[in-house]
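In what follows, a single structure is set out as structure tokens and then discussed.
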Amino acid sequence: MSIADLAFEELMRIAGRQPPDFVEIKDETPALRTRFYAGEGAAAVIAAGATMAADIWETRTGQSQTVHVGTREASASLGSMIHQTFHNDDLAPASSLSGRHTFGGFYATRDDRHVFLHQSFPESGQRLLNVLGCDDDPGSVASAVRRWDAQDLEDAIANARACAGIVRTPEEWDSSEQGRILNGLPCVEVVKIADSSPEPFPKAGDMPLSGIRVLDLTRVLAGPTCARTLAQYGADAMRIGSENLPSVSRFVTDTGHGKLSAFIDLKTEVGKECLRTLIVQSDVFSQGYRTGALERLGLGVADLSRLRPGIIYTSINCYGHEGPWRHRAGWEQLAQTVSGMAHIQGGKEGPQLIPAAVTDYTTGFLAAFGSLVALKRRALYGGSYLVRVSLSQTGMWLRSLGLAGDEVLDTAEAFADEEIKSFSITSDTGFGPITHLRPPVHLSATPARWKRGVVPLGTHQPVWLD
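Throughout the sequence shown, residue numbering follows my numbering, covering 527 to 992 in sequence.
Below you can see the structure in the form of structure tokens.
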């Protein structure tokens, strides 16, 4: 049995069902030069989400269908942000965030360890530079880091609410308090948190999630990928942001397919009341705030299960939702760094990142899978559900699939332009026509598709459309 099939079986156990015979995961030549089975893991998660969508469609209509996923297309989806072509230069967004610092990367410390410094958004990047007491220049940063021991620097940066992590071996991470906590958890948690009446899926509609509404309060890649994935199965999704928060435009265009987009100021009572009105009318609430932030606004999981019985509350972060690191902000690169992935990827040459956003996108696919499991359980049994994923949990799960040998690295074949073209579609969007990757899964009766093109942030009013 292939690695992808074994991973898929594990996910089916989380879903509480036997692996179906209508799913095919095609095991193809690796596309990424890495010892991790990143493409196989992504293919398994994508297939697991599609299985839930197919189950939901059969529940709604009695119609069965087949599901097909290929590991190369799944691998391409782990870098979908770079596979975008904008056909109108006047409407194309900037390629990077204005004002973002330039110092990100691995740096050696005084005690001959390495840390990864993440420049994050401009405000938190400046906080990191303030800790180091240097300018935004890689040479100045390298000199400043050399004056610190790794653990002291990581702690100081965390206390300043900035982003960095020590390069750890898998053994170091797994034996740490945070690592031990995550080791006791599945790659996605689906927990019933309150009772409510069953909510059968609507009979009308031509997609598995037709009539399901998803609020997306996330940024960057993992969280938005969750809502984008639910939208490809027919859900109405609305991305809620703020004019006051920075964003990376090409992440928005990558993950905004299928979504409405509105601004709400949650610092005002009017804004919070507007969001509560949307929540009452919604099915899934997906959020990526730091642990405790929404609780302080009265929008925590317990609050929402009372406000909207039957809500699916999907929570996404970097380091996990329990333990001493649960309040820390983090990114794809830091999840790879602390969990041991960067140590393995670089080997004797020193720490390196996998050449794709493997924990970001895979975590988004896992969050969507967990949300689909919860929606199916709500339809059958009722209840409100908490779905939790984190980038670090995903990294540890990918590690658990085993490591590939040199022969896999030697046979890996990078994507040719024609292959990416075969995975792509062109959509009319608020940024002009964009050629981009299609949903990386094929369902025979309800092909995955987005019914809305991506739009600039804040295009719509914060109300659900009929």
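In this text, a Cβ means the ideal position worked out from N, Cα and C, and glycines have one as well.
DSSP, read as helix, strand or coil, puts K874 in helix. Contact check for G979 against H783 passes: the beta carbons are separated by less than 8 Å. Its Cα nearest to that of P772, the residue S650 stands out among A753, G826, S650, R852.
Taking a 10 Å sphere around the C-beta of M527, we find fewer than 16 other C-beta atoms and assign the residue as exposed. Note that the C-beta distance between P965 and A974 is below 8 Å.
In the same chain as V981, and ignoring 5 residues on each side of it, the C-beta atoms closer than 6 Å to its own belong to S787, G956, in chain order. A Cβ-Cβ distance of about 13 Å is found for the pair S926 and W699, leaving them out of contact under the 8 Å criterion. One alpha carbon belongs to T635, the other to Q878, and they sit about 16 Å apart. The shortest C-alpha to C-alpha distance from D531 to any of P556, A568, F562 is the one to A568. Here the C-alpha atom of I540 lies approximately 44 Å from the C-alpha atom of A668. Beta bridge pairing from DSSP links V549 with V593. A straight line joining the alpha-carbon of D742 with that of P750 spans about 7 Å.
Residue burial is scored here from C-beta neighbours: V778 has at least 16 other C-beta atoms within 10 angstroms and is therefore classed as buried. Per the coordinates, the alpha-carbon of G896 lies some 31 Å from the alpha-carbon of V934. Ranked by Cα distance from P734, the first of L711, S723, G760, S722 is G760. Apart from sequence neighbours up to five positions away, the residues of its chain that approach M867 with a beta-carbon distance below 6 Å are G921, ordered along the chain. Here the alpha carbon of L963 sits roughly 19 Å from the alpha carbon of A763. 8 Å or more divides the Cβ of P619 from the Cβ of R802. Counting along the chain, the unbroken beta strand (DSSP E) around V810 starts and ends at 810-813. Counting every other CB atom within 10 Å of its CB across the protein chains shown gives L901 a total of 16 or more, marking it as buried. Note on the stretch 680-746: whole alpha helix (DSSP H) runs with a minimum of 4 residues are 696-701, 703-709, in chain order. Rounded to the nearest angstrom, the gap between the Cα atoms of T937 and L604 is 19 Å.
In the structure shown, the three-state DSSP call for M578 is helix.
Cβ-Cβ separation between A570 and F534: approximately 4 Å, consistent with a contact (criterion under 8 Å). Looking at the backbone, the Cα of R739 and that of D661 are separated by about 46 Å. Listed in chain order, the non-local C-beta contacts of N614 below 6 Å within the same chain comprise G958, local neighbours out to five positions each way being set aside.
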